[in-house]
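Protein chains: 2
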Amino acid sequence: MKENEKKYGAAEECPITLAIQVIGGKWKPIIIWGLISGPKRFGEIHRNIAGMSLKVLSRQLKDLESDGIIIRTSYGEVPPRVEYSLSGKGKSLILIMESLSTWSKENIKQATA
Amino acid sequence: MKENEKKYGAAEECPITLAIQVIGGKWKPIIIWGLISGPKRFGEIHRNIAGMSLKVLSRQLKDLESDGIIIRTSYGEVPPRVEYSLSGKGKSLILIMESLSTWSKENIKQATA
DNA sequence: TGTACTACTGACAAATAAGTTACTTTTGCA
DNA sequence: TGCAAAAGTAACTTATTTGTCAGTAGTACA
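Chains as they are written, first to last, in the UniProt record's numbering: chain A, 1 to 113; chain B, 1 to 113.
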């Protein structure tokens, strides 16, 4: 079967859908964006993002880590200190996210406050 | 307040999150992708995408239309004939979607069948 | 002994998204 | 008379995501 004769395929096979599963979700882009400037601690990320609960942050960090986008570093201290940073794979997303952001600002009317 | 001093902001203000709301969703990328080659009829889109229900297609087309990504053209015939095509805004997404697709193929292990 | 610090986790509820099945509309054709 | 075509919609059910609230662990300090 030649490439251009294929059906577009089911959602599970669509690379774009897969990518959006990884970087999509209500808070993930904001989390990634915040890590561009360097590693951050859990509480620091939480404080920087208004309205996101601890539970959700914890979950999304875990997802991002298991997808290889971010790296979790735990220093065995007490009280605990854990830092999150972008992996190479995560950094490779920055350009795409920037174009997505530009496109969005040009084409989507942001909600007015 | 200077740009780089801002908090990353709530999800509703994040341009990337907004963009993903528009092109995300289980089937939207596939729908958009399928329209790149030209206008398609409702039933044609449905037949081309395995596993997506009519209901969901109908809803996503409506969303994409109201976000200005696609254009719905109804020819007043019986039986009905309706065509969907990419708008300028929709076409402006193609490059971004291609880079997302490339990134995905390079960085996400696709589910093995 | 009691409280603070930090980074979580568990049980559960609420909100969204996706999926299923049956039904509608209008006109031509057998 | 009654079915076929095409493009949907209505009423639900199910699944997935988010969000809430309380609780845990280990050490320092008053």
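Beta carbons are placed, not taken as given, at the ideal position from N, Cα and C, and that holds for glycine.
Asked                                                                                                                                                                      : Found
How would you call W103(A), buried or exposed, if buried means at least 16 neighbouring beta carbons within 10 angstroms?                                                  : buried
Of the residues P79(A), S66(A), L64(A) and Y84(A), which one's Cα is nearest the Cα of R72(A)?                                                                             : Y84(A)
What residue does the beta strand (DSSP E) around L86(A) start on, and which one ends it?                                                                                  : R81 to L86
Hey, how far is the Cα of L18(A) from the Cα of E12(B)?                                                                                                                    : 22 Å
Count the other CB atoms within 10 Å of the CB of I36(B); is the residue buried (16 or more) or exposed (fewer)?                                                           : exposed
Determine whether the beta carbon atoms of V82(A) and F42(A) lie at a separation below 7 Å.                                                                                : yes
Could one say the Cβ of S87(A) lies closer than 7 Å to chain B's Cβ atoms, at least one of them?                                                                           : no
Shortest alpha-carbon distance to I69(A) belongs to which of I23(A), I16(A) and E44(A)?                                                                                    : I23(A)
Name the residue from N107(A), E106(A) and S101(A) whose alpha carbon lies nearest to the alpha carbon of P15(B).                                                          : S101(A)
Which of helix, strand or coil does DSSP assign to S58(B)?                                                                                                                 : helix
At a Cβ threshold of 7 Å, is L64(A) touching chain B?                                                                                                                      : no
Relative to the alpha-carbon of I20(A), which residue among L93(A), N48(A), N107(A) and E106(A) has its alpha-carbon at the smallest distance?                             : L93(A)
Within the same chain, show all residues whose beta-carbon is closer than 8 Å to that of E98(A), passing over the 5 residues directly before and after it, in chain order. : none
Measuring straight from C-alpha to C-alpha, what distance separates W33(A) and W33(B)?                                                                                     : 27 Å
By how many angstroms is the C-alpha of I45(A) removed from the C-alpha of E5(A)?                                                                                          : Bear in mind that the predicted position of E5(A) carries a pLDDT of just 31, short of 50, making it unreliable; the figure below should be weighed with that in mind. If I take the Cα positions, the gap works out to 46 Å.
Is it the case that the Cβ atoms of Q60(B) and K105(B) are separated by a distance below 7 Å?                                                                              : no
Leaving out five residues on either side along the sequence, give the residues of the same chain with a beta carbon under 7 Å from the beta carbon of E3(A).               : Caution applies to E3(A), whose pLDDT of 34 falls short of 50 and renders its modelled position unreliable; the model cannot decide the point.
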